[in-house]
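Everything in the sequence shown is counted per the working numbering, starting at 317 for the first residue and increasing by one. Note that beta-carbon positions come from the ideal geometry of N, C-alpha and C, so glycine has one too. These figures come from a predicted structure and were not determined experimentally.
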Amino acid sequence: MAWFVLFLAGLCEVSWAVGLKYTDGFSRIWPTVATLAAMGLSVVLLWLALRSLPLGTAYAAWTGVGIVGTALLGITLFGESADPVRLLCISVIIAGIVGLKLTSAA
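Shown next, in the form of structure tokens:
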């Protein structure tokens, strides 16, 4: 269950990172509210996952999910580069997250 909560925390991290793009410098109220809510929820969910997962493992996985999700949405929503080397690097991050999960006791 802790890994599921951690994954949700990572998705919230993706939400606030992408949300920053839509806040227009925090001048648009509803995107700003949604972004701040996602920030708060992401940290709370990380805290919940840390109750049973080791800090280093949880933090690395949390940021990894955020990195991968944000990079993929950058490609999809904002036309960022989908260069094969970039995709390979994203794949390495995914492999790292899977490795952390497989070697975790929780």
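| query | Given 8 angstroms as the limit, is there contact between the region 358–375 and the region 399–415, that is, 3 or more CB pairs closer than that? | reply | no
| field | Helix, strand or coil at M355 according to DSSP, with G and I counted as helix | value | In the sequence shown, residue 355 corresponds to position 39, counting from 1. It is helical.
| message | Looking at L361: is its Cβ nearer than 8 angstroms to the Cβ of C328? | response | Numbered from 1 along the sequence shown, position 45 holds the residue referred to as residue 361. Numbered from 1 along the sequence shown, position 12 holds the residue referred to as residue 328. Cβ distance < 8 angstroms, so L361 and C328 count as in contact.
| field | Reduced DSSP category for E329 - H, G, I as helix; E, B as strand; rest coil | value | For the purposes of this step, residue 329 is taken as the residue at position 13 of the sequence shown. The answer is helix: DSSP assigns E329 an H, G or I state.
| In chain order, what residues of the same chain lie with their CB nearer than 7 angstroms to the CB of F323, ignoring the 5 residues before and after it? | Here residue 323 refers to the residue found at position 7 of the sequence shown. Once the five neighbours on either side are set aside, the close Cβ partners of F323 are V381.
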